[in-house]
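Chains as they are written, first to last, in full-length UniProt numbering: chain A, 1 to 329; chain B, 1 to 503.
Heads up, the beta-carbon is just placed ideally off N, CA and C, and yes, glycines get one too.
The structure appears below as structure tokens.
This is the structure in structure tokens:
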């Protein structure tokens with residue numbers, strides 16, 4: 001009960017991505033707190049913290065497993081609420097892959113802005129702070145609107161420094177051309193291209209409905225280059241695979257993709273295996289399960305050092321902005 | 001109804017269809033799908049601008065998806081400039097998590113209430129909340145409708161000799177629900193309680209501590225006076241059994257405020273020295289039983305061995321089923337068991353019904369809330385339970401009543417007790433919410449002691465399940481909900497919906 005012991009980092013892991021939580025915990029040199037999560041026979045989620053969190057700095061790590069988004073989200077809300085009721089000093093929700101991020105605008109009549117709903121729900125449950133990675137933005141140049149949905153601080157970390165390092169370590173940068181698979185992601189691609197001092201190209205696409213890909217046009221030159229597609233998420237991979245084909249047709253030597261969130265739902269693995277992509281590089285923000293075994297083209301960059309460092313800096317009240325440009329080793 | 005739209009969540013299109021039929025309108029169009037990554041997608045296909053919107057959503061096996069869908073639908077309607085949005089939740093999800101059951105557990109029902117508010121709900125209509133105090137979690141008005149008048153009506157129309165029946169609660173926490181139905185039908189009521197078989201090393205002081213703790217616990221109102229009475233009786237009873245018996249009856253008279261006779265309990269069970277140990281147990285229950293059976297009590301006069309005395313019946317419960325009294329005890333040797341049974345202190349189990357988890361913060365007087373854990377323990381092969389039936393059910397029809405059927409264990413145990421120990425003629429299991437987790441319905445269907453399972457359609461029951469359950473009777477709630485929606489829309493009073501109208 002000594003004063004020095006109070007207010008330490010308490011790491012709480014949801015059931016969606018325990019591997020990531022373990023890596024973060026190891027990195028921080030702390031143990032993941034003991035908790036009990038279970039589902040009743042009618043599938044209602046029940047959660048209990050197994051140790052005191054009174055006056056502690058609580059970080060709850062919950063990603064969203066593909067197909068179980070709502071399950072993970074409800075569990076996260078219940079975890080936050082339980083810690084709030086148990087008198088935690090501050091509760092930070094660490095959500096590497098923010099759910100419903102793509103539903104962030106009223107693009108049709110009466111379309112729900114579900115991302116704002118999720119933001120409100122997290123705050124209602126009792127979250128004081130949000131840490132996330134590459135928050136989806138319909139127009140990267142305009143930043144993510146989701147940050148504005150919160151009235152609590154949101155630290156949006158970037159996978160970009162990790163990607164830069166990956167490219168530098170694996171390729172000669174002058175052989176590469178960075179390609180954005182859509183106009184919205186142009187800023188993300190140009191940022192990487194600028195850092196590497198490489199060329200840049202863009203694919204314009206028409207998308208009639210969600211999860212369906214239309215016609216594609218390449219803007220820029222990729223001939224005899226290694227074309228590197230960059231995007232924030234790979235869901236069904238339809239866009240990526242089609243873009244890769246377009247790049248190949250335009251004379252690219254090889255095509256690989258760097259994507260932050262490997263959601264890989266539906267037939268993504270089969271689509272990838274049958275594609276001209278030489279590799280899909282994702283971070284481990286989303287639990288991948290057995291997908292790495294099923295897809296030899298899938299490579300994983302560990303994002304846990306960045307998240308762990310953000311947690312440490314948040315807890316100590318240090319600046320997080322260093323992480324926007326540097327990946328911790 | 002002009003200016004009204006009723007949307008259906010994906011959990012209960014049938015119920016919503018019936019509600020709309022009652023109101024003479026069509027369900028409003030909405031497209032409810034999931035993206036391939038599992039995120040819920042909602043498209044409201046009709047204008048909601050300045051409309052009075054009702055969104056009907058019940059539970060489903062994917063309860064969290066159901067909740068998110070409801071929240072997103074509400075949010076979409078709010079974003080579409082609806083005038084007022086009412087959530088119609090025949091089954092309120094997470095209603096069992098309405099208090100901190102353990103240290104650092106979540107009060108999820110309260111959080112859900114807040115989430116509904118955040119999404120944009122201005123009014124909530126629900127049926128038979130697990131704990132009616134939950135209405136206080138909401139900032140908006142809540143109409144907690146009762147299915148009881150409909151169930152009472154079904155009983156009056158469909159149960160032969162229902163006037164001879166007894167309503168039985170399967171745990172102490174649900175007694176209030178049971179007395180309410182018993183009052184409505186003017187029937188007698190009883191109670192079944194389960195608790196762990198006590199070890200032989202329990203001392204008097206332990207019991208007294210236990211009891212002291214009990215008196216500090218919050219108790220359902222209807223039980224408070226009875227338990228206090230019991231406590232008084234016990235304090236006297238610990239030193240001298242005979243004396244204690246008389247004192248117990250005196251104190252009961254005091255507490256009840258009118259002279260009533262406490263009958264010496266001669267209990268029909270295993271034939272051991274039961275009379276001493278069950279005395280404390282019998283007293284509190286009897287006092288309530290006497291309330292109900294005033295008339296009987298008077299005609300019986302002051303005889304010692306009347307019907308009242310036989311109202312407390314014990315049974316042994318092993319792995320969720322009643323076993324004969326000579327069944328070998330799994331935990332203790334025969335010698336230990338006999339010591340236990342002759343220990344006059346064993347009356348402590350009365351109190352443990354009311355406080356199944358007697359620890360400082362997490363314990364609660366509401367046994368109903370712990371029914372989930374209760375069911376878990378019932379299946380433990382190492383633990384034998386004592387199941388106690390209070391009330392006379394011999395050759396009578398029994399209605400076992402609770403608010404929801406999720407797990408079968410406690411229902412089957414209670415049904416077996418009233419049939420095999422209480423010699424009841426027929427058993428109806430009655431509940432509002434037919435949650436039927438796992439293979440609950442199949443197990444209840446297979447139980448010989450259960451003759452009918454009466455539920456409402458507040459929670460959707462899959463057709464495949466219902467087809468194989470010949471004992472299942474589903475009472476339709478759609479008229480009640482439709483009427484609540486209509487009255488809400490026109491600003492009329494809801495009170496008539498709570499009344500029993502004796503037809």
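Which two residues bound the contiguous beta strand (DSSP E) that contains residue i?
i             : result
residue 299/A : 298-301
residue 39/A  : 35-39
residue 325/A : Where residue 325/A is concerned, there is no enclosing beta strand (DSSP E), although the alpha helix (DSSP H) it sits in stretches over 322-325.
residue 132/A : 129-133
residue 88/B  : 84-89
Determine the burial state of residue i: buried for a count of at least 16 other Cβ atoms within 10 Å of its Cβ, exposed for fewer.
i             : result
residue 36/A  : exposed
residue 93/B  : buried
residue 10/B  : buried
residue 288/B : Low confidence applies to residue 288/B: its pLDDT is 42, below 50, so where it sits in the model is not reliable, and the reading given next is rough at best. Buried, since its Cβ has 16 or more Cβ neighbours within 10 Å.
residue 169/B : buried
residue 293/A : exposed
residue 499/B : exposed
residue 346/B : Residue confidence for residue 346/B is low, a pLDDT of 35 falling below 50, so the modelled location carries little weight; the figure read from the coordinates is stated next. Buried, by the Cβ-count rule.
residue 136/B : exposed
residue 501/B : exposed
residue 241/A : buried
residue 17/A  : buried
residue 175/A : exposed
residue 194/A : exposed
Throw me the rounded Cβ distance for the residue i and residue j pair, which I believe falls under 8 Å.
i             : j             : result
residue 427/B : residue 451/B : 5 Å
residue 424/B : residue 393/B : 4 Å
residue 103/A : residue 113/A : 7 Å
Using a Cβ cut-off of 8 Å (strictly closer), state whether residue i contacts chain B.
i             : result
residue 228/A : no
residue 325/A : no
residue 71/A  : yes
residue 68/A  : yes
residue 14/A  : no
residue 44/A  : yes
residue 1/A   : Low local confidence applies: a pLDDT of 45 at residue 1/A is under 50, so the model's placement there is unreliable, with the coordinate-based value given in what follows. Chain B contact via Cβ: absent.
residue 148/A : no
residue 113/A : yes
residue 100/A : yes
Between which two residues does the alpha helix (DSSP H) containing residue i stretch?
i             : result
residue 312/A : 304-316
residue 77/B  : 63-79
residue 118/A : 114-125
residue 441/B : 440-446
residue 31/B  : First-last for residue 31/B: 30-34, but that is the beta strand (DSSP E), not the alpha helix (DSSP H).
residue 392/B : Residue 392/B -> no alpha helix (DSSP H), and no H or E assigned at all.
residue 52/B  : Unbroken run through residue 52/B is the beta strand (DSSP E), 52-56; no alpha helix (DSSP H).
residue 20/B  : 13-23
residue 479/B : 478-490
Can a CB atom of chain A be found closer than 8 Å to the CB of residue i?
i             : result
residue 249/B : Per-residue confidence for residue 249/B stands at a pLDDT of 40, beneath the threshold of 50, marking its modelled position as unreliable; no derived number is given.
residue 118/B : yes
residue 171/B : no
residue 136/B : no
residue 67/B  : yes
residue 62/B  : yes
residue 111/B : yes
residue 80/B  : yes
residue 39/B  : yes
residue 83/B  : no
residue 93/B  : yes
residue 44/B  : yes
residue 390/B : no
residue 97/B  : yes
residue 2/B   : no
* **Uninterrupted alpha helix (DSSP H) stretches inside the stretch 223-285 of chain A (no shorter than 4 residues)** => 238-249, 268-273
* Contained alpha helix (DSSP H) runs [length at least 4] in the stretch 146-186 of chain A, N- to C-terminal order -> 146-149, 160-170
* Can you give, in chain order, each stretch of the beta strand (DSSP E) that sits fully within the stretch 104-155 of chain B and has at least 3 residues? -> 123-127, 142-145
* Asked: At what residue ranges does the stretch 22-85 of chain A contain a whole run of the alpha helix (DSSP H), taking only runs of 4 or more?
  -> 69-85
* To do: Pick out the complete beta strand (DSSP E) segments inside the stretch 83-112 of chain A, 3 residues or longer, and give them in chain order.
  => 90-95
* Asked: What runs of the beta strand (DSSP E), each 3 residues or longer, lie entirely inside the stretch 408-464 of chain B?
  -> 426-434, 452-456
* Going along the chain, which residues of the stretch 227-249 of chain A sit with their C-beta nearer than 8 Å to a C-beta in chain D? -> Chain labels in this structure do not include chain D; the protein chains are A and B.
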